[in-house]
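What follows is a set of notes on a single structure, which appears directly below.
In the UniProt record's numbering, the protein residues as written are 1 to 106.
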């Protein structure tokens, strides 16, 4: 088993992080078997393309919510790591368990 579970959609609240905001989240190691995907589909052409990891953030984006780790962006990178028989990858992890994402009522 590569991932803990394959999900469809984001069960956590909207965090509104931009690409620039994600860049400020330091990467850390995450075990692939602890991740729950937020996409059930995969584009095989993107996975196998030589430049599939060239554009965008170097690190996948993971959201921690209610003790679970959700792979929000970087499914192709995570699968490439698994194909290379790696059990961990470096990802940016946003911990919504400690961040208040509820809109303010001011």
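The C-beta atom is built at its ideal place from N, Cα and C for all residues, glycine as well.
Being a predicted model, the structure only gives us computed values, none of them experimental.
Coil, strand or helix - residue i by DSSP
| i | result |
| --- | --- |
| residue 71 | strand |
| residue 19 | helix |
| residue 44 | helix |
| residue 76 | helix |
| residue 106 | Residue confidence is low: residue 106 scores 42 on pLDDT, short of 50, so the model does not pin down where it sits. Its coordinate-derived value is still stated next. Residue state, collapsed to three classes: coil. |
| residue 34 | helix |
| residue 58 | coil |
Residue i and residue j closer than 8 Å at C-beta
| i | j | result |
| --- | --- | --- |
| residue 87 | residue 32 | yes |
Cβ-Cβ separation, residue j to residue i (assumed contact under 8 Å), whole Å
| i | j | result |
| --- | --- | --- |
| residue 42 | residue 65 | Contact doesn't hold; Cβ gap of about 23 Å is too wide. |
| residue 38 | residue 10 | 5 Å |
Which listed residue (the options) has its alpha carbon closest to that of residue i
| i | options | result |
| --- | --- | --- |
| residue 22 | 73, 5, 45 and 39 | 73 |
| residue 93 | 7, 18 and 70 | 70 |
| residue 6 | 14, 16 and 79 | 79 |
6 Å CB neighbourhood of residue i in its chain, flanking five on each side removed
| i | result |
| --- | --- |
| residue 2 | 32 and 82 |
Sequence-distant residues of the same chain with beta carbon closer than 7 Å to residue i, five excluded per side
| i | result |
| --- | --- |
| residue 75 | 37, 39 and 42 |
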